[in-house]
Each structure stands twice: as structure tokens, then as C-alpha cells.
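Trainee: Everything in the sequence shown is counted per numbering that gives the first Met the number 0, starting at 0 for the first residue and increasing by one.
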Amino acid sequence: MNYRIGTGYDIHALVPGRPLILGGIEIPFEKGFKAHSDGDALLHAIADALLGACALGDIGKHFPDTDPAFKDADSKELLGQVNKLILEKGYKPYNVDANVIAQKPKLTPYIDAMREKIAGVLDIPIDNVSVKARTAEGMDAVGEGKAIAVQASVLVTEKTCRS
Ligand code: MG
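(1) Can at least three beta-carbon pairs, one atom from the stretch 142-155 and one from the stretch 36-48, be found at a separation below 8 angstroms?
(2) For K116, which residues in the same chain have their Cβ closer than 8 angstroms to its Cβ, ignoring the five residues on either side in sequence?
(3) Closest to V141 by C-alpha separation, out of P104, I100, G51, would be which residue?
(4) Compare the Cα-Cα distances from D166 to each of K70, K33, D73, N82 and report the closest residue.
(5) Going residue by residue through the stretch 66-138, where are the continuous alpha helix (DSSP H) segments of at least 4 residues, counting only ones entirely within it?
(6) Heavy atom of ligand 1 less than 8 angstroms from the Cβ of D9, yes or no?
(7) Starting from K60, trace the alpha helix (DSSP H) both ways and give me its first and last residue.
(8) Per DSSP, which residues does I45 bridge with? Please list them.
(9) Excluding five sequence neighbours on each side, which residues of the same chain lie with their C-beta closer than 6 angstroms to the C-beta of D96?
(10) According to DSSP, is K30 part of a helix, a strand, or is it coil?
(11) Using a 10 Å radius around the Cβ and a threshold of 16 neighbouring Cβ atoms, would you call D37 buried or exposed?
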């Protein structure tokens, strides 16, 4: 079986007056992401990992933040488009593992809802989607609550092997 692995990373600043959208769901918080799209750093990191696994560049290449079409874009749609791109290249996502690094808010109550959204967009079982939340132990910009960072790894397999 032909496997390929990819990694992704994203970080967005938190600012007042924006909704906090993470993993495709809105999380009650006093701040949200400063970004051109909805700023969903979790979905962006996963999208970058998928593109990386297939050597298709990164989301900045496919969805430039200078393009008005992506202003406040729903990142679930961006991730869906990335999924289509990798399917066209003959691959399918197998599993996802992500670390969301946020000092605040507490994300544990929302993890399963995020996993369900991601699994739905990628059309894979929820059991193949892992989202882990941790803090930055009060250090750096993330630890000071100024930003949320995400790391993601994905495995993709050749479509013919699983379809
Ligand atoms: Mg981003």
C-alpha cells in the first residue's frame, strides 16, 4: 500500500470582536482570530498537512489571503476543496492527529464536536481523527493568550487501496 505523510502548522492572533472558530465550530470566548478567512487555525493546519502529504504546495498557494473571495471564508469549505485536490491526485486521507496549543479558553468540552466536523469534511471515521488540546504553560505569545497555534499530522493512502 502506498502511504504518504504530511505535517501542518498554523498560528493566528486573537483579537476582541471576532468569533472564535476552531475545528469548524464556534467556541464561546471573548476573542477570536484575526484573519482574512474565518481564521480556523485547526482546519488550516490539517489542510496544509494534506497538501504537504501530496506535495501540492500549501494553502497560501491555493487560497491566497489577498484574494477577496476568501474574505471571512468558511474554512470547512477550504478543507473540503483541499480534500478534493488530494482525491484528484489519487489519494485519500486516512487519519489526522492534531495539537491545539491554547492558553485559553479550555477546549476539552469541544474536542469531540471538532473531531466530528473534521471527520465529516474529510469523509473518514471519527475514530481516525484525533484532536489534542494543551497549553503553552504561560510562556510565549500563545501562553500569554495572544494567539492559538496548531500542529497537525496526516496520513494519506492511495485511493485504489481503500475505495
Ligand atoms: Mg491560517
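The C-beta atom is built at its ideal place from N, Cα and C for all residues, glycine as well.
Mentor: So, from the listed chains and residues:
(1) yes
(2) Mapped onto the sequence shown, residue 116 falls at position 117. Only G22, G23, I24, K75 meet the Cβ criterion.
(3) Along the sequence shown, one-based indexing puts residue 141 at 142. The option with the nearest alpha carbon to V141 is I100.
(4) One cannot answer for residue 166 here, as it falls past the ends of the chain, which runs 0 to 162.
(5) 74-87, 110-121
(6) Locating residue 9 in the sequence shown gives position 10, counting from the first residue. Because some heavy atom of ligand 1 lies under 8 angstroms away, the Cβ of D9 counts as near it: yes.
(7) Position 61 of the sequence shown, counted from the start, is the residue given in the question as residue 60. Unbroken alpha helix (DSSP H) run through K60: 58-61.
(8) Here the question's residue 45 lines up with position 46 in the sequence shown. Bridge partners of I45: none, in fact.
(9) For the purposes of this step, residue 96 is taken as residue 97 along the sequence shown, with counting starting at 1. So the list reads S129, S152, once near-sequence residues are dropped.
(10) By 1-based counting over the sequence shown, the position of residue 30 is 31. In this structure, K30 counts as strand in the three-state DSSP scheme.
(11) Residue mapping note: residue 37 aligns to position 38 of the sequence shown, counting from 1. It is buried - the Cβ of D37 has at least 16 other Cβ atoms within 10 Å.
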